[in-house]
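Notes for the one structure printed next.
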Amino acid sequence: MSGAGKTVCVTGASGFIASWLVKFLLQRGYTVRASVRDPSDPKKTHHLLALEGAKERLHLFKASLLEEGSFDAAIDGCDGVFHTASPFFFATNDPEAELIAPALKGTLNVLESCAKASSVKRVVLTSSVASVAMNGRPLTPEVVVDETWWSDIEFCRKIQAWYVLSKTLAEDAAWKFAKEKGIDLVVINPAMVIGPLLQPTLNTSAEAILNLMNGAETYPNGSVGWVNVKSVANAHIQAFEIPSASGRYCMVEEVAHYADIVEILGKLYPSHKLPEKCVDEKLMPKYQVSQEKAKSLGIDFIPFEQSIKETVDSLKEKNLF
Ligand SMILES: NC(=O)c1ccc[n+]([C@@H]2O[C@H](COP(=O)([O-])OP(=O)(O)OC[C@H]3O[C@@H](n4cnc5c(N)ncnc54)[C@H](OP(=O)(O)O)[C@@H]3O)[C@@H](O)[C@H]2O)c1
Numbered sequence: 001m002s003g004a005g006k007t008v009c010v011t012g013a014s015g016f017i018a019s020w021l022v023k024f025l026l027q028r029g030y031t032v033r034a035s036v037r038d039p040s041d042p043k044k045t046h047h048l049l050a051l052e053g054a055k056e057r058l059h060l061f062k063a064s065l066l067e068e069g070s071f072d073a074a075i076d077g078c079d080g081v082f083h084t085a086s087p088f089f090f091a092t093n094d095p096e097a098e099l100i101a102p103a104l105k106g107t108l109n110v111l112e113s114c115a116k117a118s119s120v121k122r123v124v125l126t127s128s129v130a131s132v133a134m135n136g137r138p139l140t141p142e143v144v145v146d147e148t149w150w151s152d153i154e155f156c157r158k159i160q161a162w163y164v165l166s167k168t169l170a171e172d173a174a175w176k177f178a179k180e181k182g183i184d185l186v187v188i189n190p191a192m193v194i195g196p197l198l199q200p201t202l203n204t205s206a207e208a209i210l211n212l213m214n215g216a217e218t219y220p221n222g223s224v225g226w227v228n229v230k231s232v233a234n235a236h237i238q239a240f241e242i243p244s245a246s247g248r249y250c251m252v253e254e255v256a257h258y259a260d261i262v263e264i265l266g267k268l269y270p271s272h273k274l275p276e277k278c279v280d281e282k283l284m285p286k287y288q289v290s291q292e293k294a295k296s297l298g299i300d301f302i303p304f305e306q307s308i309k310e311t312v313d314s315l316k317e318k319n320l321f
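In terms of UniProt numbering, the sequence shown opens at residue 1 and continues consecutively.
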């Protein structure tokens with residue numbers, strides 16, 4: 001019970017990754033202050049309140065990324081803060097208002113509350129491989145992406161990769177703010193996160209798998225990194241608990257093309273209709289992402305095929321097909 005007697009805040013606690021983080025934190029004995037936008041919405045809170053230890057050690061706080069000072073009450077008195085809240089979707093008509101402002105201003109708002117609270121010893125930020133790998137350099141099989149890479153802001157604007165831009169701006173601002181205020185910041189940079197859902201609603205990364213099983217004729221032409229939500233939640237906790245943890249940690253179990261995923265799905269669910277071809281003729285190449293630093297946190301990555309199976313079985317169980 002490494003967390004016994006310690007209080008931590010998790011922002012955006014009802015989200016896909018954060019729900020697992022809250023579950024593992026409660027299991028380890030932490031008292032958890034969970035921020036949600038609407039504590040009266042059972043879809044956002046019921047699954048959290050049902051977690052083991054929640055009755056004794058989970059406290060809900062209402063907070064919104066765009067409201068200054070909104071996180072003060074949840075963070076004041078905490079030993080640590082896990083800032084996961086940030087909008088994650090791709091389609092938007094107003095990237096500035098819907099993605100960039102909540103990611104960037106929201107992160108600074110949360111860090112501002114951390115700077116005010118002298119109790120906070122470390123902040124763990126959920127960034128993304130999105131803020132690491134998109135710099136315009138072609139991603140080909142011999143390329144190994146690692147934590148020294150940064151996505152390029154101008155390149156993201158040019159190709160209108162708004163979610164990627166939002167995460168890059170937010171992480172960059174977080175590092176600058178943390179340095180200025182002397183905050184001990186550690187950053188987790190996961191790739192596309194899959195695995196079982198605790199929340200009752202569909203999230204963007206699980207939807208990427210669901211879309212392959214919804215009767216589509218083609219699959220997207222993309223090679224993307226994938227990682228299990230349980231590994232990502234554990235990495236957050238390790239990043240908080242291991243005193244020497246520092247800097248960024250990329251979290252990627254495997255880089256796979258959608259063609260590979262369709263092949264795995266065909267093996268696991270032979271009677272299910274799956275897309276038969278790629279939307280383009282020439283498949284995007286794969287690349288590598290270093291696991292070295294993540295492994296220094298003691299992370300044992302979950303095999304990719306198991307993560308796919310856990311995702312699909314969970315989507316079925318929750319009637320999200
Ligand atoms: N899933 C992935 O593949 C992946 C990969 C890399 C990084 N990430 C990062 O991981 C974090 C969590 O992602 P997720 O996949 O768990 O997404 P999710 O299930 O959509 O959760 C996002 C959370 O952010 C909160 N949020 C969004 N806008 C907000 C606002 N204006 N004010 C307060 N809270 C707000 C949401 O709160 P409500 O519940 O109130 O809507 C929700 O709890 C994000 O920072 C995301 O960028 C995700």
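Glycine is no exception: its CB is placed at the ideal position from the N, C-alpha and C atoms.
ask   = Based on the DSSP output, what are the partners of P95 in its beta bridges?
value = Here residue 95 is taken as the residue at index 95 of the sequence shown, counted from 1. In the DSSP output, where bridge partners are listed per residue, P95 has none listed.
ask   = Are L139 and I153 closer than 8 Å when you measure CB to CB?
value = Taking the sequence shown and counting its residues from 1, one reaches residue 139 at position 139. Taking the sequence shown and counting its residues from 1, one reaches residue 153 at position 153. No, the pair does not count as a contact, with Cβ atoms beyond the cut-off.
query = What first and last residue would you give for the alpha helix (DSSP H) that runs through Y258?
reply = Here residue 258 is taken as the residue at index 258 of the sequence shown, counted from 1. Looking at the DSSP string, the run of the alpha helix (DSSP H) that includes Y258 is 258-268.
ask   = Residue ranges of each beta strand (DSSP E) run of no fewer than 3 residues wholly in the segment 56-114, ordered along the chain?
value = 58-62, 80-83
ask   = Cβ of D38 within 7 Å of any heavy atom in ligand 1?
value = Residue mapping note: residue 38 aligns to position 38 of the sequence shown, counting from 1. D38: yes, Cβ under 7 Å from ligand 1.
ask   = Roughly how many angstroms separate the alpha carbons of N203 and S19, rounded to a whole number?
value = As a first step, residue 203 is located in the sequence shown; it is residue number 203 there, counting from the start. As a first step, residue 19 is located in the sequence shown; it is residue number 19 there, counting from the start. Cα-Cα distance, rounded: 12 Å.
task = Quick one: give me the first and last residue of the beta strand (DSSP E) that I194 is part of.
result = Walking along the sequence shown from the start, residue 194 turns up at place 194. Taken as a continuous stretch (DSSP letters only), the beta strand (DSSP E) holding I194 covers 192-194.
request  = Just tell me which of A85, L197, S290, S64 has its CA closest to the CA of V255.
outcome  = The residue given as residue 255 occupies position 255 in the sequence shown. Residue nearest to V255 within the set A85, L197, S290, S64 is S290 (criterion: CA-CA distance).
Residue nearest to N234 in terms of C-alpha spacing, selected from S166, A208, S131, Y249 = Taking the sequence shown and counting its residues from 1, one reaches residue 234 at position 234. The option with the nearest alpha carbon to N234 is Y249.
key: Close beta carbons around A239, own chain, < 7 Å, minus the five adjacent residues each side   = Taking the sequence shown and counting its residues from 1, the one referred to as residue 239 is at position 239. Around A239: V124, V186, I188, A245, Y249, L297.
inquiry  = With a threshold of 8 Å on Cβ separation, who are the neighbours of residue 322 within its own chain once the five nearest residues in sequence on each side are excluded?
reply    = Because the chain is modelled from 1 through 321, residue 322 falls outside the range shown and cannot be assessed.
query = Can C78 and I183 be called in contact, C-beta distance under 8 Å?
reply = As a position in the sequence shown, residue 78 is number 78, starting the count at 1. As a position in the sequence shown, residue 183 is number 183, starting the count at 1. The Cβ atoms of C78 and I183 do not sit closer than 8 Å to each other.
task = Let me know the secondary structure DSSP gives W226 once reduced to three states.
result = Position 226 of the sequence shown, counted from the start, is the residue given in the question as residue 226. Strand.
Alpha helix (DSSP H) segment containing S314, residue limits = Taking the first residue of the sequence shown as position 1, residue 314 is located at position 314. Run containing S314: 304-317, per the alpha helix (DSSP H) assignment.
ask   = What is the rounded straight-line gap between the Cα of N214 and the Cα of D146?
value = As a position in the sequence shown, residue 214 is number 214, starting the count at 1. As a position in the sequence shown, residue 146 is number 146, starting the count at 1. Distance between the alpha carbons of N214 and D146 is about 34 Å.
request  = Go through its chain and collect everything with a Cβ distance to A216's Cβ below 7 Å, but skip five positions before and after it.
outcome  = The residue given as residue 216 occupies position 216 in the sequence shown. The residues are P275.
ask   = Just curious, the alpha helix (DSSP H) that S2 is in, first and last residue?
value = Looking up residue 2 in the sequence shown gives position 2. Looking at the DSSP string, S2 is not in any alpha helix (DSSP H), and its letter there is neither H nor E.
ask   = Is it the case that the Cβ atoms of P200 and H47 are separated by a distance below 8 Å?
value = In the sequence shown, the residue the question calls residue 200 occupies position 200. In the sequence shown, the residue the question calls residue 47 occupies position 47. A contact, by the Cβ cut-off of 8 Å.
key: Nearest-angstrom Cβ-Cβ length linking T311 and G195, presumed shorter than 8 Å   = Numbered from 1 along the sequence shown, position 311 holds the residue referred to as residue 311. Numbered from 1 along the sequence shown, position 195 holds the residue referred to as residue 195. That belief holds up - the Cβ atoms of T311 and G195 are roughly 6 Å apart, short of 8 Å.
message = In the DSSP assignment, the alpha helix (DSSP H) including L320 goes from what residue to what residue?
response = Here residue 320 refers to the residue found at position 320 of the sequence shown. Unbroken run through L320: none, as it is neither H nor E.
request  = Label H83 either buried or exposed according to how many other C-beta atoms from any shown protein chain fall within 10 Å of its C-beta, with 16 as the threshold for buried.
outcome  = As a working note, residue 83 is residue 83 in the sequence shown. It counts as buried.
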